[in-house]
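Residue numbers (our numbering): 203 to 1206.
From the three backbone atoms N, C-alpha and C, an ideal C-beta is built for every residue, glycine too.
The model shown is predicted, which means the values in this text are computed figures rather than measured ones.
Right, one structure below, let's go through it.
This is the structure we're talking about:
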């Protein structure tokens, strides 16, 4: 070497510059790294466990390792720039320049080996240059420009052997400017990374602190790497060896987490910054200083097998390997992220719900644990865990294999220096950390050898679907409906971003509803589905997305959309209702109501217009008959429409008749009807099968039946004389409710019939409705002893006493509230009542009092004045009743229209009613008014005065409540008048009136 430098001084300067450049740039901070690489290669070459010891002895730093000792090729490599003595391409240091790193701290180096020892010395190199008079180019003096010769180009043999127990020892005499304590601390921090990067090394001891590395096989190509430090401090990684790289995931509390931003390790740390979820230790060409990739390096090949790494992890943890969206930290980082995502997207590894055979039995098993046997009484009970089921087979999209079981998934975050466990101190001071920025500490974790195992399916991510928030219950139900479906542990909101990177199909509620159409499942499976979907319906938008959800009906059909379905929360068994979309009771979940299903009771279902149309077209359909009668057993008869009577049922004689033409056996109504009644007895078998209550509810007779219709439009209800009643109404009623078949009651049975009507609540209310059809018909047509009920008066009504017969039906006479509406009402004078009253007034056998006579005439006159009576329809009797009670010839009678004539005319000639309606009474009876047939003359003379000046006038006005009088007041000691005309007589009267003048007889 001296000869070469003497012959070419320029080479000397070049060698010195090259060595200085390597120290200042490429190997400025890689002392322990380069020595550890050499130690790892030596251990691998010797086939022993690699050990590295670093200790400080005064100013000397000793670095010893076990393994193959130094040989001749090694010496050549150390003294030649860019020439390696390592023929094994798998060895780490292949460029022969890594040993230059020792010059960063020392100019005096000893390399002690079991096969021989060497010394490198800058001082000795200077001496050799001087001794051989080697000139430094461009320098007037040998050190004028600060030139320093290279250290590692010349060696001197020494006799010192390596320390006991080691094969090679490097001794570095530290320069005065080197901080030995800081150097050891930096090496201590670097030890963890080196044990990960150099698997041939199993321990590194810095001074007295030993850090060891152990590896355990977990199966499926996965290994647990545990790096332990002093005081039982340790850190754990899961390692996977791919074809071109090693991948490591840090473990915290037994769970893998994404690695913090790191650098490419080839195998030791480079300057290529990465942001991958796992640490990458790659076998890839690097530049001589191992800081940058060589141009053209096939970087994307490192991603090969990354999906296999993901597949080797527990299912719940696999998404930790997905690179989340972020800006690349370097060009290499960007290329690797793309390659990793591509590898993950194109290989089967993503855990999906195990697909079971699509059979009713399997679907039934999946839903059994989730079904509430009483769904209509509340929310579903918390489902139990269904038994695990094995996959049915493999598809191109999905594969199946055994892996460790794992509990539910959790969201994960990349660790930071502030988010890790409490650090442990090392003997040199300061926290013991690794390259993750976390402390050298973790609880024992990893996959346990005795972990339970279960079968899972995996799929290519781009062929899988994910439902955000998927639950175990919903997954069990959808395993064969939506496949492959990402398992619930990986379907949370925290995993949505990773699934998006993988291009996993995002499954929404709308798509799920669409897929439900056409599924053949038992009703309680649908209930379980609704229960599992209920937590997803948190707003109107979610409810809208489920608008097309399939719904099973009680009649076996499957329809689309809850809005078209009907819920009955009282039914416990399925009743096939063809005219309405009745949800099967075992599928009736509260969610359907939230999605728009209409709640309906049995009464609502039996009132459907579609049912009426069915009965009109097919009244004897056996399926409709069965459904109607089974629903009727759950319904309130009072709330059912009367047209249910259209349903045709078998009679006892074998013929089919409408239900409202049939009677139950022993029905009390039968005894009230005429002999030729059209009613027949129902087949007893129908009573035995469905019960009397259901049959009565739809109109089969027991007692009187009621016709009910809301918003009727005309008299089309097949009621006797309904047209006539309808014509009496001022407008269409809001509801028609009437007792039917009253015209079939035998006349002799009316007392008993009335008692039945009043005893049954649903007919009693109709009996008391005076304006309703029932009371109207009874007043006009029901007869007791030949007299219509409307011509009877209640015993407590005295208006027509002694003129109309008294209602006296046992059991009802005392019940005035029940029967008043069917008896005569003084306030309502009908033509029939008017005729009866006129006839009674002319009957000599009747003995009404003058008060009754006067009130009756007043009622009749008021009806005429109000035009409630058509006089043409009335036939006047031959006699009239005078105020005295006498029945007289009309030729002798006059109608009192001026009350003072009542003092002078005899009462047996006066017909008296109300003075205001006297003209109407005269018209009704065809009689003259007093004022038209009789005149009067005051014969006595009196004292004329005024109302205001006469004390008696004031008293009279207060006594008779008279208004102010404008005429005169004439006071008489004896007031006598003479009548002319129809009556000729002279009479003494108490007062009289002539125009505005009032005559009054003074009291004596």
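Sequence-distant residues of the same chain with beta carbon closer than 8 Å to residue i, five excluded per side
i, result
"residue 1025", "981, 991, 992, 994, 995, 996, 999, 1009"
"residue 709", "667, 668, 669, 684, 687"
"residue 814", "843, 845, 848"
"residue 1130", "1096, 1097, 1124, 1184"
"residue 1195", "1100, 1102, 1201"
"residue 1137", "1181, 1182, 1183"
"residue 525", "477, 478, 479, 539, 542, 543, 703"
"residue 211", "336, 337, 338, 339"
"residue 372", "237, 264, 265, 266, 304, 311, 312, 313, 314"
"residue 908", "844, 939, 940, 941, 942, 964, 965, 968"
Cβ distance (whole Å) where residue i is taken to contact residue j below 8 Å
i, j, result
"residue 718", "residue 752", "4 Å"
"residue 271", "residue 316", "4 Å"
"residue 964", "residue 776", "Rounded, the Cβ-Cβ distance is 30 Å, inconsistent with contact."
"residue 677", "residue 555", "5 Å"
"residue 726", "residue 789", "7 Å"
"residue 754", "residue 786", "5 Å"
Start and end residues, beta strand (DSSP E) containing residue i
i, result
"residue 1174", "1171-1174"
"residue 425", "424-430"
"residue 1004", "From DSSP, residue 1004 is part of no beta strand (DSSP E); its letter is neither H nor E."
"residue 773", "It is not in any beta strand (DSSP E) - residue 773 carries neither H nor E in the DSSP assignment."
"residue 762", "760-762"
"residue 267", "262-267"
"residue 941", "937-941"
"residue 1145", "1145-1147"
Close beta carbons around residue i, own chain, < 6 Å, minus the five adjacent residues each side
i, result
"residue 951", "874"
"residue 324", "309, 353"
"residue 541", "502, 505"
"residue 251", "404"
"residue 1139", "1180"
"residue 1192", "1203"
"residue 321", "312, 358, 360"
"residue 773", "787"
"residue 892", "831"
Span of the alpha helix (DSSP H), counted from its first residue to its last, around residue i
i, result
"residue 1202", "Not the alpha helix (DSSP H): residue 1202 falls in the beta strand (DSSP E), residues 1199-1203."
"residue 851", "Premise fails: residue 851 lies in the beta strand (DSSP E), 850-852, not in any alpha helix (DSSP H)."
"residue 277", "274-281"
"residue 842", "From DSSP, residue 842 is part of no alpha helix (DSSP H); its letter is neither H nor E."
"residue 1121", "1120-1127"
"residue 1192", "That residue, residue 1192, is in no alpha helix (DSSP H); it is neither H nor E in DSSP."
"residue 828", "824-834"
"residue 1039", "1033-1043"
"residue 212", "211-223"
"residue 473", "Taken as a continuous stretch (DSSP letters only), residue 473 belongs to no alpha helix (DSSP H), being part of the beta strand (DSSP E) at 471-476."
"residue 232", "First-last for residue 232: undefined, no H or E at that position."
"residue 965", "963-969"
Residues sharing a beta bridge with residue i, DSSP
i, result
"residue 308", "376"
"residue 495", "488"
"residue 1182", "1137"
"residue 322", "311"
"residue 903", "865"
"residue 990", "985"
"residue 667", "687, 707"
"residue 252", "403"
Residue-chain proximity (residue i, chain D), Cβ-Cβ < 8 Å
i, result
"residue 533", "Structure shown: chain D not included; a single protein chain is present."
Other residues of its chain near residue i: CB distance less than 7 Å, five sequence neighbours each side excluded
i, result
"residue 474", "465, 466, 494, 495, 532, 534"
"residue 536", "530"
"residue 638", "Because the pLDDT at residue 638 is just 37, under 50, the model does not fix this residue reliably, and the value given afterwards should be weighed accordingly. So the list reads 452, 461, 462, 617, once near-sequence residues are dropped."
"residue 838", "805"
"residue 955", "874, 947"
In the stretch 905-934, which residue ranges form an unbroken alpha helix (DSSP H) of at least 4 residues, counting only runs that do not cross its ends? 924-929
Continuous alpha helix (DSSP H) assignments of at least 4 residues falling wholly in the stretch 701-752: 711-718, 725-735, 742-747
Restricting to runs no shorter than 4 residues, where is the alpha helix (DSSP H) found entirely within the stretch 507-567? 508-514, 533-547
For the stretch 1048-1107, which segments carrying the alpha helix (DSSP H) assignment without a break, of at least 4 residues, lie completely within its bounds, in sequence order? 1052-1067
Could you name each continuous beta strand (DSSP E) segment of 3 residues or more that falls completely within the stretch 387-464, going from the start of the chain to the end? 403-408, 411-421, 424-430, 436-443, 447-454
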